[in-house]
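Each remark here refers to the structure printed beneath this line.
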Amino acid sequence: MIRFDVASWIMGRLLVILGTLMLLPGAVSAFYREPEGVISFALTSLLTMVAGMFLVSRGHRDEPSNQEAFVVVVVGWALVSLFGALPFMFQGIDPVSAVFESISGFSATGATVLNEHNAQGYYILNQTIAESSLAVQLAHAVEGLLISLATADPDLANRPLQGGAGIIGINAVLGLAGHMAIPEEPTYFGLLFWRSFSQLLGGMGIILLFVAIMPQLGVAGRQLFMAESVGPSKDTIVPRAKQTARLLWEIYMLLVGAEVVLLLMAGMPLYDSACTAFSSLATGGFSPRSDSIAFYASPLIEAVIVVFIIFGATSFPLHYKLIRGDFKSWLHDSELRFFLLILAIATIVLMFWGGLEGDFPGRLRLAAFQVVSFMGTCGFVNNADYDTWSSAAKLALIMVMLIGGCAGSTAGGIKVARLQICIKYALFEMRRMIHHKAVVQVRMGGKLVGEEILRSILFYSFFYLATFLVLSLALAMASAGQKEADVLAVISGIASCMSGVGPGFGILTFDWSAVSSAGKIIGSFAMFIGRLEVMPVILLLTPEFWRR
Numbered sequence: 002m003i004r005f006d007v008a009s010w011i012m013g014r015l016l017v018i019l020g021t022l023m024l025l026p027g028a029v030s031a032f033y034r035e036p037e038g039v040i041s042f043a044l045t046s047l048l049t050m051v052a053g054m055f056l057v058s059r060g061h062r063d064e065p066s067n068q069e070a071f072v073v074v075v076v077g078w079a080l081v082s083l084f085g086a087l088p089f090m091f092q093g094i095d096p097v098s099a100v101f102e103s104i105s106g107f108s109a110t111g112a113t114v115l116n117e118h119n120a121q122g123y124y125i126l127n128q129t130i131a132e133s134s135l136a137v138q139l140a141h142a143v144e145g146l147l148i149s150l151a152t153a154d155p156d157l158a159n160r161p162l163q164g165g166a167g168i169i170g171i172n173a174v175l176g177l178a179g180h181m182a183i184p185e186e187p188t189y190f191g192l193l194f195w196r197s198f199s200q201l202l203g204g205m206g207i208i209l210l211f212v213a214i215m216p217q218l219g220v221a222g223r224q225l226f227m228a229e230s231v232g233p234s235k236d237t238i239v240p241r242a243k244q245t246a247r248l249l250w251e252i253y254m255l256l257v258g259a260e261v262v263l264l265l266m267a268g269m270p271l272y273d274s275a276c277t278a279f280s281s282l283a284t285g286g287f288s289p290r291s292d293s294i295a296f297y298a299s300p301l302i303e304a305v306i307v308v309f310i311i312f313g314a315t316s317f318p319l320h321y322k323l324i325r326g327d328f329k330s331w332l333h334d335s336e337l338r339f340f341l342l343i344l345a346i347a348t349i350v351l352m353f354w355g356g357l358e359g360d361f362p363g364r365l366r367l368a369a370f371q372v373v374s375f376m377g378t379c380g381f382v383n384n385a386d387y388d389t390w391s392s393a394a395k396l397a398l399i400m401v402m403l404i405g406g407c408a409g410s411t412a413g414g415i416k417v418a419r420l421q422i423c424i425k426y427a428l429f430e431m432r433r434m435i436h437h438k439a440v441v442q443v444r445m446g447g448k449l450v451g452e453e454i455l456r457s458i459l460f461y462s463f464f465y466l467a468t469f470l471v472l473s474l475a476l477a478m479a480s481a482g483q484k485e486a487d488v489l490a491v492i493s494g495i496a497s498c499m500s501g502v503g504p505g506f507g508i509l510t511f512d513w514s515a516v517s518s519a520g521k522i523i524g525s526f527a528m529f530i531g532r533l534e535v536m537p538v539i540l541l542l543t544p545e546f547w548r549r
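For the sequence shown, the working numbering begins at 2 and goes up steadily by one.
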């Protein structure tokens, strides 16, 4: 019997942590003089923490069972995504699009509904909608109140101030960026930071972060660790799950810090460097610029990003071995070598059959970046015209995004390890058809893969592909009235969402803004189920799970 009070206590603690973390993008909004951002994140933080404390008060602290751990992971991810959507809603984005953007962040996907930008190339919101948002209305109201209190003249609150009443009044009180000029056009640095920061949290796993920093969990952390780490590799790098989670996050943040420094040295601004590093290691793909990495037109910046996407898409326990000086394990890991081999083959396909223009170095740069970005399930683009490439290039990119990165990484997709095992198993079965008495033994890294693991991988692969086909059909039905939503666009969109890539082809090349609300709901579900690797969600949808 599932004890919902135990699940409630854990999820409540999770929301309290999330609400606290939401103060950081609020501080970014304050620094950049964005009163509507400050109000949005302050209000969201308050609501999230209150909801969390309510769940804690209704819950009971105890070690969760395996079933309860699955409930916490699935429902916890859903709650985090819903509360993470509030800053978008408070600033004028409709609820369906806001939830889509939030799930895209926490699932480290990078698909977006934003489609407008300012003169500097930064994403902005539609001003007609934003001006009527709750956050802007509250900003005007607070500004009027502050002026009234400061001058003791109530009539002054209704007088228009040059530059916008809701901007100057709040900025004068905040005083955090008095040395900076008031922007001539609206900016959303806090909101864009939140998009990338949510990918940082979701890339390694928000539940894993919870396990790492909550001392009250004790041995219960292992159930949560195993429930969220549903890939083919669940090995802990040290005996205790809590220590493993903490070490993984330490390695993660060390790599993020290193990338920020290198991007700064390559000429990228500090704000952009932080957002890009968050998304690179998380293999998320949110960029503050509407042209993604193509905006910078810098081979050096692209080279840095490629290296760190590969780090993000490589097994983090393998990084731990490298830090401990075990270079041999890193160099001889069969999954990593197969991953790099697929990258090389796909790059060659794009270079010679992809329809890319330019000389050899230019085609190599375009092809290598896009293949690494898509197979690493990051979704950054370094060429705004990639949708004009050949069918061979598009199919190659769809194939690598479905495969994804290595087990134990932040990347999505089916995972290279599963593909390796399926290929080896198929070859051994062919051998057994020829030699009837042959014994099928599949090995990975010198270790024998047991029958139970083989069955689970084949079972997972079937459900992944079946879910992919069903959701593709659903999106096609939801987009039936849109001529631009052809088969390639639909298939690439679902493949991109389930694998955590972000961009697709056709109507989905840059964003999902033109997709219907029904299509966005389907895309949101694809991102959600893809991030949790299908099975936990499928389990919760089966009646038998709740009867046990």
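For glycine and all other residues, C-beta sits at the position ideal for the given N, C-alpha and C.
Since the structure is predicted, the reported quantities are computational estimates derived from the model, not experimental observations.
Worksheet item: Taking the continuous alpha helix (DSSP H) assigned at residue 116, which residues delimit it?
Response: Element bounds for residue 116: n/a, residue is neither H nor E.
Fill in: Span separating the alpha-carbon of residue 79 from that of residue 101
In this structure, the alpha-carbon of residue 79 lies about 12 Å from that of residue 101.
Item to complete: Pick helix, strand or coil for residue 269, following the three-state DSSP scheme.
Response: coil
Item to complete: With a threshold of 6 Å, establish whether the CB of residue 471 neighbours any heavy atom of the ligand PLP.
Response: For the structure depicted, the ligand PLP is absent and the ligand set is empty, with no information on it obtainable.
Fill in: Close Cβ partners of residue 293 (< 6 Å) along its chain, the five nearest in sequence each way excluded
381 and 382
Discussion item. Within a Cβ cutoff of 7 Å, which residues of the same chain sit near residue 118, ignoring the five residues on either side of it in sequence?
Written reply: 124, 125 and 291
Practice prompt. Grab me the residues of residue 554's own chain with a C-beta within less than 7 Å of its C-beta, minus the 5 sequence neighbours each way, in chain order.
Written response: No answer is possible for residue 554: the residues shown for the chain start at 2 and end at 549.
Discussion item. Between residue 330 and residue 445, how many whole angstroms is the CB-CB distance? I'm expecting something under 8 Å.
Written reply: Actually they are not in contact, since the Cβ atoms of residue 330 and residue 445 sit about 14 Å apart, beyond 8 Å.
Discussion item. Am I right that residue 372 and residue 396 are in contact with their C-beta atoms under 8 Å? What's the rounded C-beta distance?
Written reply: Actually they do not touch by this definition, with Cβ atoms about 13 Å apart.
Practice prompt. Please state whether DSSP places residue 125 in a helix, a strand or coil.
Written response: strand
Worksheet item: Are residue 9 and residue 24 close, meaning C-beta to C-beta below 7 Å?
Response: no
Fill in: Three-state secondary structure assigned by DSSP to residue 400
Reduced to three states, the DSSP call for residue 400 is helix.
Worksheet item: Is the number of C-beta pairs between the stretch 301-319 and the stretch 271-290 that are closer than 8 Å three or more?
Response: Contact holds between the stretch 301-319 and the stretch 271-290, because three or more Cβ pairs, one in each stretch, are under 8 Å apart.
Discussion item. Measuring CB atoms only, is the stretch 492-508 touching the stretch 396-406, in the sense that at least three cross pairs come out at less than 8 Å?
Written reply: Taking 8 Å as the limit for Cβ pairs, the verdict is that the stretch 396-406 does touch the stretch 492-508.
Worksheet entry | Strand pairing of residue 448, partner residues [DSSP] | 445
Worksheet entry | residue 257 versus residue 429 - alpha carbon distance | 41 Å
Fill in: Residues bridged to residue 532 (per DSSP)
For residue 532, which the question treats as bridged, DSSP gives no partner whatsoever.
Worksheet item: With contact counted as at least three CB pairs below 8 Å, one residue from each stretch, are the stretch 473-480 and the stretch 361-379 in contact?
Response: no
Discussion item. I'd like to know whether the C-beta atoms of residue 414 and residue 110 end up nearer to each other than 7 Å.
Written reply: no
Worksheet item: Short check: CB of residue 35 to CB of residue 136, under 7 Å?
Response: Contact: no.
Discussion item. In this structure, how does DSSP classify residue 160 when only helix, strand and coil are distinguished?
Written reply: Interpretation of residue 160 is limited by its pLDDT of 49, a score under 50 that renders its predicted location unreliable; the figure taken from the coordinates is listed afterwards. DSSP places residue 160 in coil when its eight states are reduced to three.
Discussion item. Taking the straight line between their C-alpha atoms, what separation do you get for residue 50 and residue 142?
Written reply: 24 Å
Practice prompt. Give me the Cβ distance between residue 287 and residue 197, rounded to the nearest whole Å; I'm assuming they're in contact under 8 Å.
Written response: 5 Å
Fill in: Rounded separation between residue 545 and residue 412 - CA only
31 Å
Item to complete: Compare the C-alpha of residue 498 against each of 478, 481, 535 and 272 and name the closest.
Response: 535
Discussion item. According to DSSP, simplified to helix, strand and coil, what is residue 290?
Written reply: strand
Item to complete: Give the secondary structure of residue 315 by DSSP, where H, G and I count as helix, E and B as strand, and everything else as coil.
Response: coil
Item to complete: Pull up the distance between the alpha-carbon of residue 434 and that of residue 443, whole angstroms please.
Response: Inter-residue distance for residue 434 and residue 443 is about 16 Å (C-alpha atoms, whole angstroms).
Worksheet item: Going by the CB atoms, is the gap between residue 114 and residue 98 shorter than 7 Å?
Response: Inclusion of residue 98 and residue 114 in the CB contact set at 7 Å is warranted, their separation being smaller than that value.
Fill in: Cβ-Cβ separation, residue 42 to residue 65 (assumed contact under 8 Å), whole Å
That belief does not hold up - the Cβ atoms of residue 65 and residue 42 are roughly 31 Å apart, past 8 Å.
Discussion item. Quick check: what's the CA-CA separation for residue 53 versus residue 87?
Written reply: 15 Å
Worksheet item: Is the beta carbon of residue 30 sitting closer than 7 Å to the one on residue 107?
Response: With respect to the 7 Å criterion, residue 30 and residue 107 are not classified as neighbours on the basis of their beta carbons.
Worksheet entry | Reduced DSSP category for residue 68 - H, G, I as helix; E, B as strand; rest coil | It is helical.
Discussion item. Can you give me the C-alpha to C-alpha distance between residue 139 and residue 39, rounded to a whole angstrom?
Written reply: 11 Å
Worksheet item: Using CA coordinates, which residue listed in 192, 531 and 506 is at the minimum distance from residue 469?
Response: 531
Fill in: Extent of the continuous alpha helix (DSSP H) run through residue 416
Note, residue 416: premise wrong, no alpha helix (DSSP H); not H, not E.
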